[in-house]
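Right, one structure below, let's go through it.
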DNA sequence: GCTTTCCATTTGTATATGCAATAATATTCC
DNA sequence: GGAATATTATTGCATATACAAATGGAAAGC
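Residue numbers (the numbering used here), protein chains in the order written: chain A, 27 to 183; chain B, 27 to 183.
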């Protein structure tokens, strides 16, 4: 009788994180390749789109919806501010930092990337297969839908 | 008649990458939380496990299996070398850099993380749901299985 | 109204990631 | 065998990411 599979074997063969991380890298490279001509990284696109969609929004709320650490946002948004894709607005409500919103240039840029994004999305659907794409959307209905308001996936649970 | 959905709406609601990236962050935080006591990041675990499993292996081959850029590996492996989890070996075959292999300490460390990894894996399965976990494994059979040899997902064509 | 507590953001530090260009070695082709 | 080509690794540069600690403003308790 052989002993239970070695832990190293098990991780190598079963670890879900390893697969998700690799999938992330593969897909990111697909979208990045399409978006490169626009000077926009795929990761930035996600954030700019959320800001465009969710209107003036605070960093903390962006972080909740995308599961991003506030400190990450401080730095990533700085680049987008410098590039003029987003801007801070004064709302006179809360002195703890200002919400951000999309700029005219930011919106114009997003309106340009449509065809490229669609190409990447199509390649991704092919890569994931019908079942895969559907599942990713299903997962969205659960808890990783950035478009959905409400509680994020606060690890603690 | 309303026009076709705005591209911003479409990306916000449909973009597969946005979901995969968020999923990556969520899951990485789950595994990182479990592994923190061992001084090992989840991302490092993936690589060390592959090295332990795939024996003496060149950076380029690690990169193929995990879809990681060689330059990324140069730097990430340096940390693991310093920590003594892996080591370079002389093979006298090819002068372009040396293959790496797991060390005794590295293997010992991996043998310690079993219960923590399983906890994270279980939480992840719950998070993904049965269908999700199954799908991620199916995807593995396709092309993102790091344990499988062969061609990586070379973006190009 | 003042203190305590809470909340949003930033800074310091460390790791992860990729592209472009370079260095160094291997291989191939006359 | 030497030039042209291909392969592997590294370096420079830029972005992405998170934890811990510090900062500064808001809210609550009294």
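Every residue, glycine too, gets a C-beta built ideally from N, C-alpha and C.
Separation of residue 57 of chain B and residue 74 of chain B (C-alpha to C-alpha, rounded to the nearest whole angstrom) is 15 Å. Residue 119 of chain A sits in coil when the DSSP states are folded into three classes, being neither helix nor strand. Look at residue 86 of chain B here: in three-state DSSP terms it is helix. Fully enclosed beta strand (DSSP E) runs of no fewer than 3 residues are not present anywhere in the stretch 29 to 103 of chain A. With a cutoff of 8 Å on beta-carbon distance, residue 135 of chain A and residue 111 of chain A are scored as near each other. Closer than 8 Å to the CB of residue 33 of chain A there is at least one CB belonging to chain B. Check the Cα spacing between residue 42 of chain A and each of B/66, B/88, B/41 and B/46: the tightest is with B/46.
Chain-order list of chain A residues neighbouring residue 83 of chain B: empty, with the shortest C-beta distance near 13 Å, by a criterion of under 8 Å.
Taking a 10 Å sphere around the C-beta of residue 81 of chain A, we find fewer than 16 other C-beta atoms and assign the residue as exposed. Residue contact check for residue 48 of chain A against chain B: a CB pair falls below 8 Å.
Counting only residues of its own chain and dropping the five nearest sequence neighbours on each side, residue 149 of chain A has a CB closer than 7 Å to the CB of 56. Out of A/125, A/78, A/117 and A/119, the CA that lies nearest to the CA of residue 100 of chain A is found in A/125. Residue contact check for residue 109 of chain A against chain B: no CB pair falls below 8 Å. Proximity to residue 52 of chain B across B/164, B/162, B/163 and B/154 peaks at B/154, based on C-alpha coordinates.
Scanning chain B for C-beta atoms nearer than 8 Å to the C-beta of residue 79 of chain A yields 34, 35 and 38, reported in chain order. When CB distances to chain A are screened at a threshold of 8 Å, the residues of the stretch 63 to 78 of chain B falling below it are 68, 69, 71, 72, 75, 76 and 78, in chain order. Residues of the stretch 136 to 151 of chain A with a Cβ closer than 8 Å to any Cβ of chain B, in chain order: 136, 137, 139, 140, 143, 146, 147, 150 and 151. Look at residue 51 of chain A: its C-beta is under 8 Å from a C-beta on chain B. DSSP lists B/83 and B/114 as the beta-bridge partner residues of residue 126 of chain B.
Just so you know, the alpha carbons of residue 121 of chain B and residue 95 of chain A end up roughly 43 Å apart. Pairing residue 143 of chain A with residue 60 of chain A gives a Cβ-Cβ distance under 8 Å. At a cut-off of 8 Å between C-beta atoms, residue 129 of chain B does not count as an interface residue with respect to chain A.
Counting other Cβ atoms within 10 Å of its Cβ, residue 50 of chain A reaches 16 or more and is therefore classed as buried.
Judged by DSSP in its simplified three-state form, residue 139 of chain A adopts coil rather than helix or strand.
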